[in-house]
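Residue numbering for the sequence shown follows the numbering used here, beginning at 923 and increasing consecutively.
All C-beta atoms, glycine included, are put in the ideal place defined by N, C-alpha and C.
A quick write-up on the structure given underneath.
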Amino acid sequence: MERRAFLGALVGGVLAAPLTAGAQQAGKIYRVGHLAASAPSAENTRLLGAFHAELRARGWVEGRNIAFEYRWAEGRYERLPHLAAELTEAQVDLIVAGGTPNALAARKASQTIPIVMVGATTPVEVGLVKTLARPGGNVTGVTFDVSPEQAAKLVELMAEIPGVSRIAILWSRGYPAAEQYQRALERAAVARQRSIRFVDVLKPEDFDAAFSALRRMPVEGLIVMADQLTQTRGDDIVRVAADRKLATVFGGPAKRFVTAGGLMSLSANSDSYWRQAAIYADKILKGASPADLPVEQPTKFELVINLKTAKALGLTIPPSLLLRADEVIE
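Quick look at the structure:
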């Protein structure tokens, strides 16, 4: 999406709301920085639209009591520290950081400016917060972390698809607690008499080798684990899976990849992450401390199935699985 159109769509929506009196200091325009590893896109417009809609409902109007500073790394993670420093030098009142690398860059740039992370993983293990219940510093927000047992449900889903007995798992092994997740996935595979093979990506440059490995690997299914790195290449993963005729199950905020041609996703609603982030931004700008706002975790998961993809792969989705789906794409 062209950058000017992207920003115009956001600004137009925020300007449309009435002001709620008495919520903020009279006459002050609060400045909110947005730090993203990606480039502007239709998906980012939609998610930030949910964020801004929640702010509008709470009385924030761009140009009247709030202003936004956007920084996009456009897939170049090495730029994040510099972009985070730009936001701190701009003296923003709050930084919104979507994903673990963004939040870490923002936290390194400032230990005083409040930071609301959105969709970060393992925030305790990487040092963003002390605990989920009591973050204790200048960072809080929303994590899309799920327990190892919840992640293992992706194997259970795949095991219900007839003809899929050998499964590749694409993930970023480099994050803390990875071994716990690996053991949970392996236990689920053994319990359902499925074989699994892990394909690691630790940095963006690893994807070409990972895709080459998937093209050669004797598997019928592919599980894509929920992390920031795999999210950045979801559309490419869908294309590789289609070329290889792999049944693909996505974890994490991944409904859009099923709409694009993936087979299934089991994930929390990504819009809800951004609405909750806006609620926290509102509270912090009105005086709350991020140290005292517990990090939110997903509680409701949606199963989305693409029957068009199933047909293209020659797969029959069992009725029992279709009945559990929150959405079926036909």
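Among G949, P1003, F990 and I1017, the one whose alpha carbon lies nearest that of Y1202: Here residue 1202 refers to the residue found at position 280 of the sequence shown. Minimum Cα distance to Y1202 is reached at I1017.
In terms of residues, what are the limits of the alpha helix (DSSP H) holding G1143? Taking the first residue of the sequence shown as position 1, residue 1143 is located at position 221. For G1143, there is no enclosing alpha helix (DSSP H); the residue is part of the beta strand (DSSP E) that begins and ends at G1143 to V1146.
Looking only at its chain, what residues have a beta carbon closer than 8 Å to the beta carbon of D1157, apart from the 5 residues adjacent to it on each side? Taking the sequence shown and counting its residues from 1, one reaches residue 1157 at position 235. Counting only Cβ-Cβ distances below 8 Å, and skipping sequence neighbours, we find F1179 and A1182.
Would R1143 and I1091 qualify as a contact pair, given that the criterion is a beta-carbon distance under 7 Å? As a working mapping, residue 1143 is identified with position 221 in the sequence shown. As a working mapping, residue 1091 is identified with position 169 in the sequence shown. Reading off the sequence shown, one finds Gly at residue 1143, where the question assumed Arg. Not a contact, by the Cβ cut-off of 7 Å.
Mind checking whether R1001 and L957 have CB atoms under 7 Å apart? The count along the sequence shown starts at 1 and reaches residue 1001 at position 79. The count along the sequence shown starts at 1 and reaches residue 957 at position 35. Not closer than 7 Å, so no.
Once DSSP output is grouped into helix, strand and coil, what is the label at L1225? Looking up residue 1225 in the sequence shown gives position 303. If DSSP states are grouped into helix, strand and coil, L1225 belongs with the strands.
C-beta atoms of P1212 and N1060 nearer than 7 Å: As a working note, residue 1212 is residue 290 in the sequence shown. As a working note, residue 1060 is residue 138 in the sequence shown. With a cutoff of 7 Å on beta-carbon distance, P1212 and N1060 are scored as near each other.
Can you check DSSP and say which residues form a bridge with I951? The count along the sequence shown starts at 1 and reaches residue 951 at position 29. I951 pairs with nothing; no bridge assigned.
Should E1047 and A1132 be called a contact, given that it needs their Cβ atoms to be closer than 7 Å? Here residue 1047 refers to the residue found at position 125 when the sequence shown is read from its first residue. Here residue 1132 refers to the residue found at position 210 when the sequence shown is read from its first residue. Contact: no.
Nearest to G1020 by alpha carbon, out of V1160, R986, A979 and Q1153? Along the sequence shown, one-based indexing puts residue 1020 at 98. For G1020, the nearest C-alpha among the options comes from Q1153.
Touching by the beta-carbon criterion (3+ pairs, under 8 Å), the stretch 1065-1082 and the stretch 1228-1237: Because the criterion of three Cβ pairs below 8 Å is not met, the stretch 1065-1082 and the stretch 1228-1237 do not touch.
With DSSP as the reference, label R1119 as helix, strand or coil. Here residue 1119 is taken as the residue at index 197 of the sequence shown, counted from 1. Three-state result, R1119: strand.
Top-ranked residue by Cα proximity to K1030, from G1173, L1005, D1015 and T1053: As a working note, residue 1030 is residue 108 in the sequence shown. Of all alpha-carbon atoms in G1173, L1005, D1015 and T1053, the one lying nearest the alpha-carbon of K1030 is that of L1005.
According to DSSP, residues forming a beta bridge with H956: Your numbering for residue 956 matches position 34 in the sequence shown. Its beta-bridge partners are Y992 and V1018.
I'd like the list of long-range same chain contacts for E1252, defined as Cβ closer than 7 Å, with 5 residues on each side in sequence excluded. Here the question's residue 1252 lines up with position 330 in the sequence shown. Excluding positions up to five away in sequence, the list reads L1229 and K1230.
Alpha carbon to alpha carbon, how far is D1193 from V1014? Give it in angstroms, no decimals. Your numbering for residue 1014 matches position 92 in the sequence shown. Your numbering for residue 1193 matches position 271 in the sequence shown. Computed Cα separation, rounded: 24 Å.
Less than 7 Å between CB atoms is the rule here; does V1141 satisfy it with respect to chain B? Among the chains of the structure shown, chain B does not appear; only one protein chain is present.
P1003 to I1037, Cα distance in whole Å? Taking the first residue of the sequence shown as position 1, residue 1003 is located at position 81. Taking the first residue of the sequence shown as position 1, residue 1037 is located at position 115. Rounded to whole angstroms, P1003 to I1037 spans 14 Å at the Cα level.
Identify, in the order they occur along the chain, each residue of the same chain with its Cβ nearer than 7 Å to the Cβ of A1164, setting aside the five sequence neighbours on each side. Within the sequence shown, numbered from 1, the residue matching residue 1164 stands at position 242. The residues are G1183.
Leaving aside the five residues before and after K1052 along the sequence, list all residues of the same chain whose C-beta is less than 6 Å from its C-beta, in chain order. Counting from one through the sequence shown, the residue named residue 1052 turns up at place 130. Answer for K1052: G1058, listed in chain order.
So, using beta-carbon positions, are G971 and Y1195 closer together than 7 Å? For this step, residue 971 is matched to residue 49 along the sequence shown. For this step, residue 1195 is matched to residue 273 along the sequence shown. Contact: no.
D1067: buried (16+ other C-beta within 10 angstroms of its C-beta) or exposed? In the sequence shown, the residue the question calls residue 1067 occupies position 145. Counting Cβ neighbours within 10 Å, D1067 comes out buried, since at least 16 surround it.
S1253, buried or exposed, once every other Cβ within 10 Å from all chains shown has been counted against 16: Here the chain covers residues 923 to 1252 and nothing more, so residue 1253 does not appear.
Name the two residues that bound the continuous alpha helix (DSSP H) containing M1080. The count along the sequence shown starts at 1 and reaches residue 1080 at position 158. The continuous alpha helix (DSSP H) containing M1080 extends over residues P1070 to A1081.
Three-state secondary structure (DSSP) of G1236: One-based indexing of the sequence shown puts residue 1236 at position 314. Of the three classes helix, strand and coil, the one that applies to G1236 here is coil, per DSSP.
Please classify A943: does DSSP put it in a helix, a strand, or coil? Against the sequence shown, residue 943 aligns to sequence position 21. With a pLDDT of 33 at A943, under the threshold of 50, the modelled position of that residue is not reliable, and the figure given next carries that caveat. The three-state reading of DSSP puts A943 in coil, since its state is none of H, G, I, E or B.
Alpha-carbon spacing of T967 relative to H974, whole angstroms: Taking the first residue of the sequence shown as position 1, residue 967 is located at position 45. Taking the first residue of the sequence shown as position 1, residue 974 is located at position 52. Spanning the two alpha carbons is a distance of roughly 10 Å.
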